[in-house]
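So the protein sequences, as listed, match chains A and B. FYI, my numbering numbers position 236 of the first sequence as 236, with every residue one higher than the one before it. Position in the second sequence counted from 1, then plus 1000, gives you my numbering.
Number of protein chains: 2
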Amino acid sequence: MPPRHQADVPGLVERARAGEARAVARLISLVEDESPLLREVTAALAPHTGRAQVLGLTGAPGVGKSTTTNALVRELRSAGKRVGVLAVDPSSPFSGGALLGDRIRMQDHAGDKDVYIRSMASRGHLGGLAWSTPQAVRVLDAAGCDVVVVETVGVGQSEVEVAGLADTTLVLLAPGMGDGIQAAKAGILEVGDVYVVNKADRDGADQVRRDLRSMVALADRPDDGWAPPIVKTVAQAGEGLAELVAEVERHHAWLQQTGELGARRTRRARAEVEAIALAALRRSWGDLGGSDGQAGLDELAAAVAAGETDPWAAADRLLEQVGART
Amino acid sequence: MPPRHQADVPGLVERARAGEARAVARLISLVEDESPLLREVTAALAPHTGRAQVLGLTGAPGVGKSTTTNALVRELRSAGKRVGVLAVDPSSPFSGGALLGDRIRMQDHAGDKDVYIRSMASRGHLGGLAWSTPQAVRVLDAAGCDVVVVETVGVGQSEVEVAGLADTTLVLLAPGMGDGIQAAKAGILEVGDVYVVNKADRDGADQVRRDLRSMVALADRPDDGWAPPIVKTVAQAGEGLAELVAEVERHHAWLQQTGELGARRTRRARAEVEAIALAALRRSWGDLGGSDGQAGLDELAAAVAAGETDPWAAADRLLEQVGART
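Here you go:
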């Protein structure tokens, strides 16, 4: 294999569009590794994107996200869809790499050329999940996936992020995983387009659904006319998946009818453009200092930490030095 | 009360430094609400900061963070320390405001003028937790708190953030809260300076400690000579708190001896300066468009979403328009 910076990007994009898994893998690696070719990759993908339906799937540890993703892929496959899965681990910037669970899971669809599953760790320096995931979605979109499922682990800000990049956000809960206040803290009441009560064969599933229904009704959600459905599933047994897919389809139709699909995708592009611009600025001010009386960010930060200047004055200085008008 | 933009900032800072709780509350509100006076507030606080010891306390829902914070405050108070607590809810950008649990908890220290407890929701637009929390820490620091405890809910990126803003990061676990893979996913193995196994009277506490010890040993942690201790507590009964405070003190002494304290605070200031600079830039490019052939971020984002341009070219255009050299 040639070194990554020598990759034939147009060739890779052509092969990915023809469905070649190795080319898809290579392009995602270029994105994930923040290759110098990243820019060329994104530009080459741009004309071929916008067709895939992007689903975000999130929830607290233990609710069965991996199992549900797996069952969802099976359901989508039986409807003849090409499916891409990005399993994102936003909370491990240090360790990187795939975790055991993902490797086990992949075997279910091994050999199916119309399923592409990839684990991503937001180990990069440019902006983690916010940065590399949308670009990996573009790769799968350009490669002809009808549906791209982005699965994120954990609770907390990751939901908010996944909600930002998906057309439809699925939020998973399960009985026995914590009470209502915890759910409210996790911010899940505001971001879900479709709620899934998984492990619905366990005690308390109906109670979770009732609690969720009343809490979602009280949550500070956009007044856009979409009432998020709550679907019960037993992903392990494949139960409820047909209904889940039907609700996802219904939401997608709603997105298209209301123009919300375009609005969401524009917001996604907005975040992406910003992330790229900010990364460029970070590089610029990382290069400052050492000459002409310029102060680099480290120097300014040390002065702030010492109480010699305040962070606003330091920020002004920083921007002034890269020539930005604010 | 006068409107917020008419607040007498130097007077407020003086009164906060004299320990007046209402002035502290007002300053934190100015920070949290992203008041036009924010800049003046931060500048006025700067000379009076850098003395407080900042502790971050984090862990998954259900491990007993609130109870532990409460017990920790009691322990610190019995040692004569002035204590500030910021209970941060990073995952609820929409709902805002304090949650029930915090209100209950506060009553324990009601009437103690040397304890200041405040719930914060990162509801702001500028950058949430990353933005307002360090500035609220400055308020409490300038107000003479010896220790500021920043408690964050949830797992996921919030730990990484709290680790960035604290001198010492305490990570809480409890028996029965999920297996090792979940712990690894949450990224907690890399960021803790002191680990706490709470609810240590429950079955499995020793097993959690053993697992944690071996997993931390294998984690990709900085090779800085600090071996994070693991303390067992029953916060509800006040057990283990003296040992916890002793380990926090030991870590603080280590930070000072090695120069790591200054390094961490510089990193914290760095993040803060960057956040401010980025917010200023966001305002600038929000103002673009509509005249002179300039394209605002929304317009550029729509072109990207439509596949008409790629996000790199859009980012270039954006930066060029605000005059930034990259």
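Ideal placement from N, C-alpha and C gives every residue a C-beta, glycine not left out.
Worksheet item: Looking at C-beta atoms only, is the number of pairs between the stretch 241 to 252 of chain A and the stretch 203 to 222 of chain A that lie closer than 8 Å three or more?
Response: Short answer: they don't touch.
Practice prompt. Spell out whether any CB of chain B is found under 8 Å from the CB atom of Asp-206 of chain A.
Written response: no
Worksheet item: Alpha carbon to alpha carbon, how far is Thr-1169 of chain B from Thr-1233 of chain B?
Response: 16 Å
Item to complete: Using only alpha-carbon positions, find the residue among A:Gly-176, A:Leu-57 and A:Val-13 that is nearest to Val-148 of chain A.
Response: Nearest neighbour of Val-148 of chain A by Cα position, chosen from A:Gly-176, A:Leu-57 and A:Val-13, turns out to be A:Leu-57.
Worksheet item: Within 8 Å (strictly less), CB to CB, does Pro-1010 of chain B reach chain A?
Response: no
Worksheet item: Can you list the beta strand (DSSP E) stretches of 3 or more residues lying completely in the stretch 194 to 272 of chain A, in chain order?
Response: 194 to 197 and 230 to 232
Discussion item. On the criterion of 16 or more Cβ atoms from any shown chain inside 10 Å, does Gln-53 of chain A qualify as buried, or is it exposed?
Written reply: Residue environment: Gln-53 of chain A is assigned as buried (16 or more neighbouring CB atoms within 10 Å of its CB, all protein chains considered).
Item to complete: Report the residues of the stretch 1039 to 1070 of chain B with a CB closer than 7 Å to any CB of chain A, ordered along the chain.
Response: Arg-1039, Thr-1042, Ala-1043, Ala-1046, Pro-1047, Thr-1049, Gly-1050, Pro-1061 and Gly-1062
Fill in: Per-residue DSSP class, three states only, for Leu-1300 of chain B
helix
Discussion item. Suppose you measure from the CA of Leu-1255 of chain B to the CA of Pro-1311 of chain B; what does that come to, to the nearest Å?
Written reply: 42 Å
Worksheet entry | Counted within 10 angstroms of its Cβ, other Cβ atoms place Thr-152 of chain A as buried (16 or more) or exposed | Per the 10 Å Cβ criterion, buried.
Worksheet item: What separation, rounded to the nearest whole angstrom, lies between the Cα atoms of Leu-1038 of chain B and Ala-305 of chain A?
Response: 18 Å
Item to complete: In the DSSP assignment, find the alpha helix (DSSP H) that holds Glu-1040 of chain B and state where it starts and stops.
Response: From DSSP, the alpha helix (DSSP H) with Glu-1040 of chain B extends over 1038 to 1045.
Fill in: 9 Å Cβ cut-off: residues of chain A touching Ala-1227 of chain B
Near Ala-1227 of chain B there are no residues of chain A at all, since even the closest Cβ is about 17 Å away, more than 9 Å.
Discussion item. Using a 10 Å radius around the Cβ and a threshold of 16 neighbouring Cβ atoms, would you call Asp-1201 of chain B buried or exposed?
Written reply: Looking at its Cβ environment, which holds fewer than 16 other Cβ atoms inside 10 Å, Asp-1201 of chain B is exposed.
Practice prompt. Return the residue from the list B:Leu-1189, B:Ile-1230, B:Pro-1229 and B:Ala-1324 that minimises the CA-CA distance to Met-1215 of chain B.
Written response: Considering only alpha carbons, the answer is B:Leu-1189.
Worksheet item: To the nearest angstrom, how far is it from the Cα of Ile-276 of chain A to the Cα of Ser-132 of chain A?
Response: 10 Å
Worksheet entry | Thr-152 of chain A, enclosing beta strand (DSSP E) - first and last residue | Thr-152 of chain A -> beta strand (DSSP E) spans 147 to 152.
Worksheet item: Within the 8 Å Cβ cut-off, does Ala-253 of chain A reach chain B?
Response: no
Worksheet item: Buried or exposed: Ala-1315 of chain B, going by 16 or more other Cβ atoms within 10 Å of its Cβ?
Response: buried
Worksheet item: How many angstroms separate the CA atom of Asp-1114 of chain B from the CA atom of Ala-1021 of chain B?
Response: 9 Å
Worksheet entry | Neighbour list for Gly-307 of chain A in chain D, Cβ cutoff strictly below 7 Å | In summary, chain D is missing from the structure at hand, where the protein chains are A and B.
Worksheet item: With a cut-off of 8 Å, does the C-beta of Arg-270 of chain A fall near any C-beta of chain B?
Response: yes
Item to complete: Could you tell me whether any Cβ in chain A is nearer than 8 Å to the Cβ of Ile-1028 of chain B?
Response: It does not: the Cβ of Ile-1028 of chain B has no partner Cβ on chain A nearer than 8 Å.
Worksheet item: Can you name the residues that DSSP bridges to Val-83 of chain A?
Response: Answer is A:Val-115 and A:Val-147, bridged to Val-83 of chain A.
Fill in: Reference Asp-193 of chain A; option with closest CA among A:Glu-249, A:Val-322, A:Leu-12 and A:Ala-313
A:Glu-249
Fill in: Inter-residue spacing [alpha-carbon to alpha-carbon] between His-252 of chain A and Asp-167 of chain A
8 Å
Worksheet item: Listing by chain order, which chain A residues have their CB less than 7 Å from the CB of Thr-1233 of chain B?
Response: Neighbours of Thr-1233 of chain B in chain A, taken as residues whose beta carbon is under 7 Å from its own, are absent, since the nearest beta carbon is some 21 Å off.
Item to complete: Can you tell me the Cβ-Cβ gap for Leu-1281 of chain B and Ala-324 of chain A, rounded? I've got them flagged as a contact below 8 Å.
Response: 6 Å
Discussion item. Taking 8 Å as the threshold (beta carbon to beta carbon), is Arg-250 of chain A in contact with chain B?
Written reply: Answer no: the Cβ-Cβ gap between Arg-250 of chain A and chain B never drops below 8 Å.
Discussion item. Measuring straight from C-alpha to C-alpha, what distance separates Leu-1318 of chain B and Thr-1266 of chain B?
Written reply: Taking the straight line joining both Cα atoms gives about 30 Å.
Worksheet entry | Alpha-carbon spacing of Gly-204 of chain A relative to Ala-79 of chain A, whole angstroms | 32 Å
Worksheet entry | Anticipated Cβ contact below 8 Å, Val-41 of chain A with Leu-55 of chain A, distance rounded | The pair is not a contact, with the Cβ atoms about 23 Å apart (cut-off 8 Å).
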